[in-house]
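Engineer:
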Amino acid sequence: MIRVFITDDHEIYLEGLALLLGKQEGIEVIGTATSGKELLDQVRDLQADVLLLDVYLPDLGEEEILQQIRASRPELRIIYLTLLRGTRYIHKLSKYNIQGYVLKNASLDELLLAMKTVQDGGSYFSKDIHIGDRDEDFRNTITIEDKQIDEILSRRELEVLRLICKEYSNAEIADKLFLSVSTVETHRKNLIAKLGVNNTVGLVKFALRNNLID
Numbered sequence: 035m036i037r038v039f040i041t042d043d044h045e046i047y048l049e050g051l052a053l054l055l056g057k058q059e060g061i062e063v064i065g066t067a068t069s070g071k072e073l074l075d076q077v078r079d080l081q082a083d084v085l086l087l088d089v090y091l092p093d094l095g096e097e098e099i100l101q102q103i104r105a106s107r108p109e110l111r112i113i114y115l116t117l118l119r120g121t122r123y124i125h126k127l128s129k130y131n132i133q134g135y136v137l138k139n140a141s142l143d144e145l146l147l148a149m150k151t152v153q154d155g156g157s158y159f160s161k162d163i164h165i166g167d168r169d170e171d172f173r174n175t176i177t178i179e180d181k182q183i184d185e186i187l188s189r190r191e192l193e194v195l196r197l198i199c200k201e202y203s204n205a206e207i208a209d210k211l212f213l214s215v216s217t218v219e220t221h222r223k224n225l226i227a228k229l230g231v232n233n234t235v236g237l238v239k240f241a242l243r244n245n246l247i248d
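Per the numbering used here: the sequence shown = residues 35 to 248.
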């Protein structure tokens with residue numbers, strides 16, 4: 035029996051996945067959370083074998099969540115669920131001993147295989163995630179299917195990203211979008227965190243690769 039806990043801020047996806055997994059032989063869904071804080075409130079006493087964890091939760095950064103999980107539950111097997119196909123997150127978060135990385139559009143059979151693999155002590159990464167490609171830009175730049183862009187980024191974040199790519203400063207972006215400079219700075223930080231890049235250059239590479247620049 036694999037006891038699984040699921041954390042995802044998209045409630046429809048979360049409830050659907052919990053219902054689906056709960057019907058599978060050998061799987062017990064012991065609980066769910068819709069935020070990083072809700073997860074961390076429970077993690078110390080969590081009787082789970084596998085944690086299915088959304089890569090991006092809006093209330094807490096992924097490294098903060100993982101630091102706290104590993105401080106209290108170093109043995110917990112973690113599989114990240116994501117729409118992101120690039121490897122930046124894998125490299126960035128590998129120090130936290132994540133055992134799996136599965137795309138959200140994976141089949142049920144693949145997710146079950148991933149869960150069984152990590153439960154047995156192995157690691158599992160979806161085949162569609164780009165690992166070890168010779169092209170450095172390709173390897174470190176996230177690619178997202180067109181229909182999924184608006185699931186990752188808000189309309190405002192896309193507006194800010196496009197203006198960043200046009201070399202507007204934070205002050206110029208704030209003036210153009212009728213925002214405060216601090217709000218623009220927050221959007222920029224959120225874009226970097228969501229997309230798993232290191233800086234503005236990474237944001238521009240992401241926009242170019244995903245055809246987001248007019």
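Just so it is clear, CB atoms sit at the ideal spot from N, CA and C, and this is done for glycine as well. Just so it is clear, the structure is predicted and the values come from calculations on it, not from any experiment.
Return the Cβ separation of Ile-103 and Val-63 in integer angstroms, given the expectation that the two are a contact with Cβ distance under 8 Å.
Structural biologist: In fact, because the Cβ distance is near 18 Å, the residues do not count as touching under 8 Å.
Engineer: Hey, could you find the ends of the alpha helix (DSSP H) Glu-62 is sitting in?
Structural biologist: Glu-62 -> not in any alpha helix (DSSP H); beta strand (DSSP E) instead, spanning 61 to 67.
Engineer: Please determine, among Phe-39, Asn-224, Ile-183, the residue with the shortest C-alpha to C-alpha distance to Leu-91.
Structural biologist: Of the candidates Phe-39, Asn-224, Ile-183, the one whose C-alpha sits nearest the C-alpha of Leu-91 is Asn-224.
Engineer: Determine the direct distance from the alpha carbon of Met-149 to that of Val-136, and round the result to whole angstroms.
Structural biologist: Val-136 and Met-149: Cα-Cα distance of roughly 10 Å.
Engineer: May I ask you to report which of helix, strand or coil DSSP gives Gly-156?
Structural biologist: Reduced to three states, the DSSP call for Gly-156 is coil.
Engineer: Suppose you measure from the CA of Thr-116 to the CA of Gln-101; what does that come to, to the nearest Å?
Structural biologist: Rounded to whole angstroms, Thr-116 to Gln-101 spans 19 Å at the Cα level.
Engineer: Helix, strand or coil for Ile-99? Go by DSSP, reduced to three states.
Structural biologist: Helix.
Engineer: Quick one: what's got a C-beta closer than 8 Å to Ala-82's C-beta in the same chain, skipping five residues either side?
Structural biologist: So the qualifying residues of the chain are Arg-37, Val-38, Phe-39, Ile-64, Gly-65, Leu-110.
Engineer: Can you give the Cα-Cα distance for Ser-203 and Phe-212, rounded to whole angstroms?
Structural biologist: Approximately 14 Å, taken between the alpha carbons.
Engineer: Does DSSP put Asn-245 in a helix, in a strand, or in coil?
Structural biologist: Here Asn-245 sits in coil by DSSP.
Engineer: Between Glu-219, Gly-155, Ile-186, which has its C-alpha nearest Val-194's C-alpha?
Structural biologist: The option with the nearest alpha carbon to Val-194 is Glu-219.
Engineer: Just to confirm before moving on: does the CB-CB distance between Gly-93 and Lys-71 stay below 8 Å?
Structural biologist: Before going on, a small fix: residue 93 reads as Asp here, not Gly. Going by C-beta atoms, Asp-93 is nearer than 8 Å to Lys-71.
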